[in-house]
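Encoded as structure tokens, the structure appears first; notes follow it.
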Amino acid sequence: MKGNYDKAFENVVRLRVMSILMVNEEYDFNSFKEILEVTDGNLASHLKNLEKQEYIQVNKSFVGRKTMTNYSATETGKMAFQEHLEFLENLIKENKN
Amino acid sequence: MRKPEQELAEIKSMMERSTRFLSLNGLSGILAGTYALIAAGMAYGWIYYPNMPFGTDINTINQDDILRKLLTTAAIVLLLSIGTAWVMSQNKSRKRAHLFWSPASRRFMQALFIPVLVGAIFCLALMSRGYLVVAAPATLIFYGLGLLNASNFTLNDIKYLGYCQLVLGIISAFFPGFGLILWAVGFGVLHIIYGAMMYYKYDR
């Protein structure tokens with residue numbers, strides 16, 4: 069079967085984070101927190117996990133005195149997500165037959 | 394593992410919610426159109442009454458106080474429309490548990506208001522030098538461009554409203570005597586039609 073079911077996206081928070089980063093060049097920590105409605109700790113651990121797999125990268129910058137933590141998807145991450153999507157699509161096709 | 398259909402739906406909804414501002418309310422379009430029609434009616438009273446609201450060249454506005462009244466009315470309509478849309482969108486966001494102030498809504502506003510602001514300054518600059526005929530075509534055209542630009546960051550339907558405004562703007566550039574009528578059609582009638590369509594399609 070084509071595509072690849074990626075364990076990294078088994079968790080719904082990580083799946084959502086990656087979906088957002090596929091269509092947004094950058095997304096910051098607080099916006100993630102608000103749109104996903106998760107706690108700081110929970111979000112941070114999932115982001116760390118994706119970062120460790122080199123699916124996303126972190127860019128820290130300063131806005132005034134506050135730090136702004138932006139995340140973006142890496143090429144590896146985008147490819148892995150595409151494979152994951154392909155897997156899901158093929159699964160649906162097969163279920164229909 | 395969840396069902397793949399669910400999984401894909403989840404991905405799609407996240408992509409949409411994170412890029413598109415989906416809280417515009419159809420009713421605010423209807424209200425904005427109503428304000429514009431009332432304003433156009435008042436402008437007709439000041440400029441043309443009791444003649445027909447077209448035909449006479451708009452250059453006949455030679456009294457400064459009429460011009461001042463027109464500009465004030467336009468500014469009030471603009472602020473009222475933005476205010477209405479703002480409040481109603483906030484309510485809609487709250488109801489759907491979506492974010493009102495999000496990267497998506499910021500991008501939407503930027504896309505819409507940069508052309509609109511530039512257009513407004515451009516109009517004021519030319520009008521202050523006496524080129525009053527630019528008012529209708531330039532406001533319609535810049536607004537149309539703003540809508541087209543913003544359609545990338547909200548429901549796609551809004552681009553048709555943008556195209557219509559552009560067409561009206563071009564027509565009014567060629568027929569300046571119909572400026573007020575075309576302005577009323579663009580900012581009044583089209584907003585009401587569009588708002589009603591959106592309301593029936595998405596808000597009910």
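Heads up: the sequence lines are chains A and B, in that order. For the first sequence, the working numbering begins at 69 and goes up steadily by one. For the second sequence, the working numbering begins at 394 and goes up steadily by one. All C-beta atoms in this analysis are idealised placements derived from N, C-alpha and C, irrespective of residue type, glycine included. Please read these numbers as outputs of a predicted model, since none were measured by experiment.
Test: residue i CB closer than 8 Å to a CB of chain E
i         : result
B/Leu-401 : The structure shown contains no chain E; its protein chains are A and B.
Neighbour-count burial assignment, residue i, 16 or more Cβ in a 10 Å radius
i         : result
B/Arg-522 : exposed
B/Gly-419 : buried
A/Ser-113 : exposed
A/Asn-163 : exposed
B/Ile-514 : exposed
B/Leu-505 : buried
A/Ile-103 : buried
B/Asn-542 : buried
B/Val-526 : buried
A/Leu-156 : buried
B/Gly-539 : buried
Assigned secondary structure, residue i (DSSP; H/G/I helix, E/B strand, else coil)
i         : result
A/Gln-150 : helix
B/Tyr-457 : The amino acid at residue 457 of chain B is misidentified as Tyr; the sequence shows Asp. Helix at B/Asp-457.
B/Asn-542 : helix
A/Val-126 : strand
A/Thr-142 : coil
B/Phe-414 : strand
B/Asn-452 : Only weak support exists for where B/Asn-452 lies, its pLDDT of 49 falling under 50; the value from the coordinates is given anyway. Helix at B/Asn-452.
A/Val-131 : strand
A/Asp-96  : strand
B/Met-445 : coil
A/Thr-107 : coil
Rounded straight-line distance, which links the Cα of residue j to that of residue i
i         : j         : result
A/Glu-94  : B/Gly-570 : 48 Å
B/Gly-572 : A/Lys-116 : 59 Å
A/Thr-144 : A/Val-80  : 19 Å
B/Pro-443 : B/Phe-580 : 23 Å
B/Met-435 : B/Leu-463 : 9 Å
B/Leu-575 : B/Ala-529 : 7 Å
B/Tyr-587 : B/Leu-471 : 17 Å
B/Glu-400 : A/Asn-92  : 19 Å
B/Phe-568 : B/Thr-466 : 23 Å
A/Phe-130 : B/Gln-456 : 53 Å
A/Asn-165 : A/Lys-146 : 29 Å
B/Leu-473 : B/Ile-534 : 21 Å
A/Leu-118 : B/Arg-413 : 25 Å
B/Met-591 : B/Leu-554 : 11 Å
B/Ile-459 : B/Ile-564 : 25 Å
B/Tyr-437 : B/Ala-589 : 25 Å
B/Ser-482 : B/Glu-403 : 24 Å
Minimum C-alpha distance to residue i - residue among the options
i         : options                                    : result
B/Thr-532 : B/Ala-429, B/Lys-594, B/Arg-461            : B/Ala-429
B/Ser-416 : B/Asn-484, B/Thr-466, B/Ile-469, B/Met-435 : B/Asn-484
B/Tyr-593 : B/Gly-422, B/Gly-562, B/Glu-403            : B/Gly-422
B/Gly-537 : B/Ala-518, B/Met-520, B/Tyr-524, B/Leu-510 : B/Leu-510
B/Ala-432 : B/Val-582, B/Ala-589, B/Asp-596, B/Gln-399 : B/Val-582
B/Met-502 : B/Asp-596, B/Ala-425, B/Thr-465, B/Ile-475 : B/Ile-475
B/Ala-490 : A/Glu-105, A/Ile-124, A/Asn-158            : A/Glu-105
B/Thr-427 : B/Phe-447, B/Arg-413, B/Thr-477            : B/Thr-477
A/Val-126 : A/Arg-82, A/Ser-140, A/Lys-134             : A/Ser-140
B/Leu-424 : B/Ile-585, B/Met-590, B/Glu-403, B/Tyr-595 : B/Ile-585
A/Asp-108 : A/Thr-137, A/Lys-70, A/Met-90              : A/Thr-137
A/Leu-111 : A/Glu-122, A/Asn-98, A/Lys-134             : A/Asn-98
A/Asn-158 : B/Ala-577, B/Pro-397, B/Met-591, B/Arg-597 : B/Pro-397
A/Tyr-123 : A/Lys-70, A/Met-90, A/Ile-160              : A/Met-90
B/Arg-597 : B/Ala-566, B/Cys-516, B/Lys-488            : B/Lys-488
Residue i beta carbon near the ligand GTP (any heavy atom closer than 7 Å)
i         : result
B/Gly-426 : The ligand content of the structure shown is nil, which means the ligand GTP is not present either.
(request) Indicate whether the contact test is met: 3 or more Cβ pairs, each with one atom in the segment 137-153 of chain A and one in the segment 70-79 of chain A, closer than 8 Å. (result) In short, these stretches touch, since the Cβ pair count reaches three.
(request) Decide if the segment 80-90 of chain A is in contact with the segment 404-417 of chain B; the criterion is three or more beta carbon pairs, one per stretch, under 8 Å apart. (result) Contact between the segment 80-90 of chain A and the segment 404-417 of chain B is established, with three or more Cβ pairs separated by less than 8 Å.
(message) Taking contact to mean 3 or more Cβ pairs, one atom from each stretch, closer than 8 Å, check whether the segment 559-569 of chain B and the segment 492-505 of chain B are in contact.
(response) The segment 559-569 of chain B makes no contact with the segment 492-505 of chain B; the number of CB pairs closer than 8 Å stays below 3.
(request) Could you tell me whether the segment 536-556 of chain B touches the segment 497-507 of chain B, where touching means 3 or more Cβ pairs closer than 8 Å? (result) Taking 8 Å as the limit for Cβ pairs, the verdict is that the segment 497-507 of chain B does touch the segment 536-556 of chain B.
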